[in-house]
Each structure stands twice: as C-alpha cells, then as structure tokens.
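One structure is given below, encoded as structure tokens.
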Amino acid sequence: MTTLEILLVVFVGFAGGLAVGTGFVAFLVVLGVIPRLTQLTKTMKRIHAYEWGAVFGALVGGWVSLRHSVFHLSNYWLAPIGLLHGIFVGMLAAALTEVLNVWPILAKRIGVDERIVALLMAIAFGKVAGSLFHWLYFVDHFR
Amino acid sequence: MANTVFIKPRHRVQVEPGAAVTLGQAAQIAAADGELVERLRAVPLYRVQPSDKTIVIIDMMQMVKAVLDVDESLDVQMVGPSQTIVEVVYEKRKVPFVVFLLVWLLLFVGSAMAIMNFHEDVSMQRVHRHLYEMITGQTVDKPLLLQIPYSLGLGIGMILFFNHWFRKRINEEPSPLEVEMFNYQQAIDQYVILHENKESMRHLDDA
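Protein chains in written order, with UniProt numbering: chain S, 1 to 143; chain E, 1 to 207.
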C-alpha cells in the first residue's frame with residue numbers, strides 16, 4: 001500500500017468510528033438512562049465517571065469484537081457480564097416504551113391508572129420469559 | 001407608590017429540617033422604605049414539619065397574605081415565579097462506593113455489549129458465542145451461562161428504570177412514569193383550554 005492509500009484507509013476508518021460513536025452517545029442521551037441511574041443511586045457528582053464508563057465500554061467492545069482476543073478465564077465470568085448486559089438492555093427498553101408515551105395513553109384509555117404497575121410487571125416478566133424461551137428452546141427448534 | 005412592595009419568589013430554597021421559612025428566605029423583597037423591607041424579611045411563612053419529607057411548596061398567595069398581615073395598606077406586587085420550592089436537606093447519607101462501582105460497571109459492560117451487537121448486526125446468538133469463546137477459550141453452541149443471567153437482567157433493568165423497588169424511600173422525586181403521566185395530562189389540559197373555550201379563537205366568518 002502506498003502512503004496515500006494508508007492515509008485514506010485510516011481516514012475512512014476514523015470517520016466511520018466517529019459517526020458510530022456520536023450516534024451511540026446521542027442514543028444514550030435521548031433515552032436518559034444515565035441521569036436515571038444517578039437519580040436512583042444519588043451519585044449526581046460522579047456523572048463524569050459514568051460518562052467515561054460508557055465511553056471505555058464502547059471502546060473495549062469495539063476492540064474485542066473486531067479483534068479475536070481470547071482470555072482463557074473461568075466461564076463463571078460470563079454470568080455477571082450477562083446480568084449487567086441484560087440490565088442495560090432492559091433499561092434501554094424501558095426508556096424506549098416511556099419515550100413512546102405508551103404508558104399514559106394506555107392508562108387513560110383503558111382506565112387502569114391504579115394497576116399500571118401490574119401492566120409494567122407484565123411487560124418486564126414477559127421480556128424475561130420470552131428471552132429465556134428464546135435461548136433455551138427456540139434457537140434449537142426453529143432455525 | 002410609596003406603599004408598593006415588590007416580591008419575587010425564589011425558584012428553589014434549601015432549608016434545614018424543622019426550620020422556619022421566612023419571607024426573606026423564600027423571596028426577594030423590594031420597597032422604597034428600607035426599614036419596611038427589613039421588617040418583611042423576618043416575617044415567618046412556614047415551619048417545616050417532619051411530615052413534609054423533602055419538598056414544600058410555598059404559594060405566592062401565602063406571601064401576599066403574610067405581607068398584608070403586617071400592614072394591610074400595602075400594595076403588593078408579585079413578580080417572577082408564582083411559588084417557591086422549599087427543599088428540606090437532611091444529613092446526607094453516604095452512598096457506598098460499591099454502588100457507584102456497580103453503576104460504572106453496568107454502563108461499561110452495557111456499552112461494550114451494545115457496540116459488539118451493533119457490529120454483528122444484532123445477531124445476539126453469535127455475539128454470545130463469540131464472547132463465550134473469547135473468555136473461556138472453549139466453543140459452545142448454547143452459552144446459557146451468559147444467556148440466562150441476561151434474560152433475568154432484562155426484567156430487572158426495566159423495573160429498575162421505573163423505580164418500583166425503592167418506592168418506600170423518604171424522597172418525593174417522581175418516577176419517570178409519574179412524570180410521563182403528568183406531561184400527558186398537561187398536554188390534554190392545554191388542548192381543552194384552547195378548544196373547549198369558544199372565545200379563545202376567532203375566525204373570519206365569525207359574526
């Protein structure tokens with residue numbers, strides 16, 4: 001490769017990463033998951049550390065998914081990673097249903113203001129059940 | 001004009017538990033007579049009760065009444081916000097470092113997984129297999145050790161976001177769900193104010 005080609009590839013790669021990174025941050029900001037976490041834990045002062053957490057996470061995730069590093073650790077490391085992964089995705093999903101304004105309309109139209117928590121639980125348990133079904137059964141029989 | 005008092009409620013005031021909130025704490029006061037201003041500043045408005053928890057709202061009408069109780073010949077002019085939010089600050093409970101660490105890890109791992117799934121076009125099964133191989137060095141078809149905690153986490157994350165577990169805290173901050181309900185009601189109220197009041201709009205062909 002000539003120097004020009006190398007520079008071009010570096011530039012294209014960098015530009016692509018920049019676009020994905022900004023998109024990822026915009027996504028997190030719009031859904032407001034980080035402010036919600038600081039509000040729950042009362043750690044508003046550490047918000048910058050949380051920002052860096054998300055940034056490093058994206059960086060490490062990008063790196064290990066593009067490289068094929070192998071660490072040879074115990075497989076029990078996977079359980080906490082899976083749990084954190086699930087909580088993160090669950091929070092994103094919850095934020096999405098909230099942004100879509102599903103809840104107030106549902107509560108008003110059906111007149112179930114009182115039992116909206118039960119509806120919420122139905123969705124949360126539904127997600128757990130569906131996900132378990134998918135990984136335990138569906139992937140073996142319907143692919 | 002000599003008897004005019006201008007009062008501007010402050011937006012948010014922090015007080016200690018059990019404190020008596022005076023007019024001077026809750027609002028800015030201006031009048032031609034400096035001595036009168038000093039006297040009005042000290043007028044007590046409200047004593048904070050333990051049952052108030054963390055937030056008390058002092059309405060501007062309470063302030064007007066307090067001023068008129070001092071001298072009913074005064075002309076009270078209210079400017080700015082129509083109420084003051086009084087925040088009762090209790091001694092801060094230290095947040096354990098572990099909690100912070102957990103949230104940090106949650107965001108770190110969550111972001112990493114989000115990017116990895118993005119790179120694989122959200123073929124999560126492949127990402128999970130890849131991750132299993134990466135960490136243990138073994139190849140498995142169904143990395144359930146990763147996938148079952150993931151499934152449970154989905155539900156936990158959702159409930160956590162809507163804050164159903166910590167409902168009993170001494171805290172009056174609304175949950176996102178309550179805010180969303182409020183916003184919706186607010187939008188509907190705005191709608192009916194404009195559309196149900198025949199005087200609010202005039203068309204060309206109206207007589």
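The beta carbon of each residue, even a glycine, is placed where N, CA and C say it ideally should be.
All figures in this text were calculated on a predicted structure; none of them were measured in a lab.
Item	Value
Member of S:His-141, S:Leu-106, S:Phe-88, S:Glu-98 whose CA lies at the smallest distance from the CA of Gly-157 (chain E)	S:Phe-88
Interface flag, Gly-57 (chain S) vs chain E, CB-CB below 9 Å	yes
Contact list for the stretch 77-91 of chain S against chain E, Cβ threshold 8 Å	Trp-77, Leu-78, Ala-79, Pro-80, Ile-81, Gly-82, Leu-83, Leu-84, His-85, Gly-86, Ile-87, Phe-88, Val-89, Gly-90, Met-91
Chain S residues whose Cβ lies nearer than 9 Å to that of Thr-136 (chain E)	Val-70, Phe-71, His-72, Leu-73, Ser-74, Asn-75, Trp-77, Leu-78
Residues that Glu-87 (chain E) bridges to, as DSSP identifies them	E:Gln-14, E:Ile-55
Minimum Cβ-Cβ distance from Lys-53 (chain E) to chain S less than 9 Å	no
Under 7 Å from the C-beta of Leu-96 (chain S): neighbouring residues of chain E	Within 7 Å Cβ-Cβ: nothing; Leu-96 (chain S) doesn't reach chain E, min ~10 Å.
Rounded separation between Val-117 (chain S) and Phe-125 (chain S) - CA only	12 Å
CB contact check: Thr-3 (chain S) to chain E, cutoff 9 Å	no
Backbone CA spacing between Ile-123 (chain S) and His-85 (chain S) [nearest angstrom]	18 Å
Beta-carbon gap between residue 220 (chain E) and Arg-129 (chain E) smaller than 9 Å	With chain E running from 1 to 207 in the structure shown, residue 220 (chain E) is simply not present.
Backbone CA spacing between Phe-160 (chain E) and Val-67 (chain E) [nearest angstrom]	Before going further, note that residue 160 (chain E) is Leu rather than Phe in the sequence given. Using only the alpha carbons, I get a separation of about 46 Å.
Proximal chain E residues relative to Gly-16 (chain S), where beta-carbon distance stays under 9 Å	Simply none; closest approach about 11 Å.
Proximity to Ala-20 (chain E) [Cα-Cα], best of E:Val-127, E:Leu-36, E:Val-98, E:Val-56	E:Val-56
Top-ranked residue by Cα proximity to Pro-9 (chain E), from E:Ala-32, E:Arg-202, E:Glu-178, E:Arg-41	E:Arg-41
Proximity test, Cβ basis, 9 Å: Tyr-46 (chain E) and chain S	no
Residue burial classification, Lys-168 (chain E) (beta-carbon count within 10 angstroms, cutoff 16)	Here the model assigns Lys-168 (chain E) a pLDDT of 49, short of 50, so the residue's position is not dependable, and the following value carries that caveat. Label assigned to Lys-168 (chain E): exposed.
Amino acids of chain E, ordered along the chain, whose beta-carbon sits closer than 9 Å to that of Ile-47 (chain S)	Near Ile-47 (chain S) there are no residues of chain E at all, since even the closest Cβ is about 10 Å away, more than 9 Å.
Chain-order list of residues whose beta-carbon lies under 8 Å from that of Val-15 (chain E) (same chain, five-residue window excluded)	Val-21, Gln-25, Val-48, Val-86, Glu-87, Val-88, Val-89
Cα-Cα separation, Val-13 (chain E) to Thr-84 (chain E)	7 Å
Short Cβ contact (9 Å threshold) for Leu-152 (chain E) with Val-12 (chain S)	no
Min CB distance Arg-12 (chain E) to chain S below 9 Å	no
Cross-strand partners of Thr-2 (chain S) (DSSP beta bridge)	Beta-bridge pairing links Thr-2 (chain S) to no other residue.
Length of the line joining the Cα atoms of Trp-104 (chain E) and Glu-51 (chain S)	9 Å
Min CB distance Ala-26 (chain S) to chain E below 9 Å	no
Proximal residues, the stretch 106-126 of chain E versus chain S, C-beta separation under 8 Å	Leu-106, Leu-107, Phe-108, Val-109, Gly-110, Ser-111, Ala-112, Met-113, Ala-114, Ile-115, Met-116, Phe-118, His-119, Glu-120, Gln-125
Neighbour list for Ala-122 (chain S) in chain E, Cβ cutoff strictly below 7 Å	Neighbours of Ala-122 (chain S) on chain E: none; closest Cβ ~11 Å, over 7 Å.
Neighbour list for Phe-138 (chain S) in chain E, Cβ cutoff strictly below 9 Å	Within 9 Å Cβ-Cβ: nothing; Phe-138 (chain S) doesn't reach chain E, min ~10 Å.
Buried versus exposed, by CB contacts within 10 Å (16 or more), Arg-109 (chain S)	exposed
Minimum Cβ-Cβ distance from His-195 (chain E) to chain S less than 9 Å	no
Helix, strand or coil at Gln-77 (chain E) [DSSP, three-state]	strand
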